[in-house]
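Peer 1: Take a look at the following structure, please.
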């Protein structure tokens, strides 16, 4: 079946029918190319979305105060609500099964930072010790803020790794003092964050900031993580937080502008469901395109059999077995689909690599890529499908009566 003469004959037949072979190969190669590009685009959307959520815990709920939009129990519309330290404690005691909790004071967060002759304006976020779990922070040197920093109102800070070079150059920042709005703070840790933008900041103790910035006991946000609970359970937790705060501040719990409670887990699952639908649609379109290519191969093989009816008759008259006839036709189908499939694979992969190299990224689209095993498996699958597409015309050729074929 794999004799040299047969391959020479297949190549000769292809040369004699260049346009037909080219159009057949084009339909197969285009199908693989489109499938690779669609899969890469789908993964690009997934990568971009995951990166958007990478800087924060996905299973988190954020609470921030707003302005009432409904009259309630004698209170007029338009009350500006504010959160306090006691609200953080209240939520922690009333809402069970919370994993991590932090409070933030986020007003006038950009501060003038000075170290020796270097200076810059950077985000300085006052937080509690468990904040590192809410923003997926990894401490690479030193430590993060701790409870002793809070209780003793220590002037310490933890800095993003990307700030080391512009402020400290080659110096080790641990133990050094920087000026934050002309007040000295000791650097006790350096961190990394999956979100590159989040590494352009400092973290300082919330209690210290409340004193230094005359914030009394005010906080601007409460963040909590819900652990390994379902989406439905996290929604119940969010609703419970709304009820607790509504009871304290006397506003209608249905007034969503009074207290903004954002459930990231629900939003993440919603987006992931949309992306799953897009991926399914991509696979359907890609497979339909491949099927169209395979049908084209089958049709071409039928034409080949018709055109070579007399030749096949002569072969059978000279003693060619049905198996050899079938093998000849299938080999030609496999050869065309294999070459076209791998060319389509190479072009698709090359285009995705080019897009990655020139940085075609946006907030929700990053690093379009395709899993190598999936791409190669799809290409091998189309080769197998090409063999199947050639089998039925080949079977028809094997049944040709030599006498009738010679008279055709």
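Residue numbers (the working numbering): 1 to 408. We put the CB at the ideal spot given by N, CA and C, even for glycine.
With DSSP collapsed to three states, give me the class of residue 370.
Peer 2: Of the three classes helix, strand and coil, the one that applies to residue 370 here is coil, per DSSP.
Peer 1: Quick one: using the 10 Å Cβ neighbour count with 16 as the cut-off for buried, is residue 222 buried or exposed?
Peer 2: buried
Peer 1: Note down the Cα distance separating residue 59 from residue 271, rounded to an integer number of angstroms.
Peer 2: 14 Å
Peer 1: Would you say the segment 319 to 338 touches the segment 382 to 398, given that touching needs at least three Cβ pairs under 8 Å?
Peer 2: yes
Peer 1: So, helix, strand or coil for residue 210, using DSSP?
Peer 2: helix
Peer 1: How big is the Cα-Cα spacing for residue 224 and residue 235?
Peer 2: Rounded to the nearest whole angstrom, the CA to CA distance from residue 224 to residue 235 is 13 Å.
Peer 1: Could you check whether residue 114 and residue 161 sit closer than 8 Å to each other, using their CB atoms as the reference points?
Peer 2: no
Peer 1: Answer yes or no: do residue 298 and residue 387 have a C-beta to C-beta separation smaller than 8 Å?
Peer 2: Taking 8 Å as the cut-off, the beta carbon of residue 298 is found no closer than this to the beta carbon of residue 387.
Peer 1: For the segment 89 to 96 against the segment 256 to 265, are there 3 or more C-beta pairs whose distance is under 8 Å?
Peer 2: no
Peer 1: Can you give the beta carbon distance from residue 88 to residue 250, rounded, assuming they're within the 8 Å contact cut?
Peer 2: In fact, because the Cβ distance is near 19 Å, the residues do not count as touching under 8 Å.
Peer 1: Using 8 Å as the threshold, is the segment 126 to 137 in touch with the segment 161 to 173, meaning 3 or more CB pairs across them?
Peer 2: no
Peer 1: On the three-state DSSP scale, how would you describe residue 76?
Peer 2: Looking at residue 76 - three-state DSSP - the assignment turns out to be coil, as it is neither helix nor strand.
Peer 1: Just to confirm my understanding: we take residue 282, look at its own chain, exclude 5 residues before and 5 after, and list those with CB closer than 7 Å. What are they?
Peer 2: 38, 39 and 42
Peer 1: Which residues does DSSP pair with residue 121 in a beta bridge?
Peer 2: DSSP, once it has assigned bridges, lists 112 as partnering residue 121.
Peer 1: Identify every run of the beta strand (DSSP E) within the segment 214 to 295, keeping only runs that are complete inside it and at least 3 residues long; order them along the chain.
Peer 2: 221 to 225 and 259 to 263
Peer 1: How far does the beta strand (DSSP E) with residue 338 in it extend, from its first residue to its last?
Peer 2: Judged by DSSP secondary structure, residue 338 falls outside any beta strand (DSSP E) and instead within the alpha helix (DSSP H) spanning 322 to 357.
Peer 1: Given a cut-off of 8 Å, decide if residue 379 and residue 342 are closer than it, judged by their beta-carbon atoms.
Peer 2: yes
Peer 1: For the alpha helix (DSSP H) containing residue 183, name the first residue and the last one.
Peer 2: Counting along the chain, residue 183 falls outside any alpha helix (DSSP H), though it belongs to the beta strand (DSSP E) covering 183 to 192.
Peer 1: CB residue 101 to CB residue 132, shorter than 8 Å?
Peer 2: no
Peer 1: What do you reckon, are the CB atoms on residue 83 and residue 220 nearer than 8 Å?
Peer 2: yes
Peer 1: When you compare the CB positions of residue 231 and residue 269, do they come within less than 8 Å of one another, or not?
Peer 2: yes
Peer 1: Going by DSSP, which residues form a beta bridge with residue 393?
Peer 2: In DSSP, residue 393 forms no bridge with anything.
Peer 1: Distance, Cα to Cα, residue 418 vs residue 293?
Peer 2: Absent from the structure is residue 418, since the part of the chain shown begins at 1 and ends at 408.
Peer 1: Along the alpha helix (DSSP H) that carries residue 134, what are the first and last residues, could you check?
Peer 2: In the DSSP assignment, residue 134 falls within the unbroken alpha helix (DSSP H) covering 131 to 134.
Peer 1: Quick one: is residue 178 buried, meaning 16 or more other Cβ sit within 10 Å of its Cβ, or exposed?
Peer 2: buried
Peer 1: Exposed or buried, residue 350, counting other C-beta atoms within 10 Å across all chains shown (16 or more means buried)?
Peer 2: exposed
Peer 1: By how many angstroms is the C-alpha of residue 205 removed from the C-alpha of residue 154?
Peer 2: 7 Å
Peer 1: Taking its Cβ as the centre, do 16 or more other Cβ atoms sit within 10 Å of residue 321, making it buried, or is it exposed?
Peer 2: That one is exposed.
Peer 1: For residue 152, count the other beta carbons within 10 Å of its own beta carbon; 16 or more makes it buried, fewer makes it exposed. Which is it?
Peer 2: exposed
Peer 1: List the whole-angstrom C-beta distance separating residue 19 from residue 289, where the pair is believed to meet the contact cut-off of C-beta under 8 Å.
Peer 2: Their Cβ separation, rounded to whole angstroms, is 21 Å, which puts residue 19 and residue 289 out of contact at 8 Å.
Peer 1: Mind checking which residues open and close the beta strand (DSSP E) that includes residue 202?
Peer 2: 201 to 205
Peer 1: Exposed or buried, what is residue 245 when buried is set at 16 or more other beta-carbons lying within 10 Å of its beta-carbon?
Peer 2: buried
Peer 1: Give me the Cα-Cα distance between residue 144 and residue 228, rounded to the nearest whole angstrom.
Peer 2: 24 Å
Peer 1: For the candidate residues 44, 92, 22 and 24, whose alpha-carbon lies nearest to that of residue 367?
Peer 2: 44
Peer 1: Taking the straight line between their C-alpha atoms, what separation do you get for residue 376 and residue 217?
Peer 2: So the two alpha carbons sit approximately 60 Å from each other.
Peer 1: When the Cα atoms are used, what is the spatial distance from residue 241 to residue 212?
Peer 2: 29 Å
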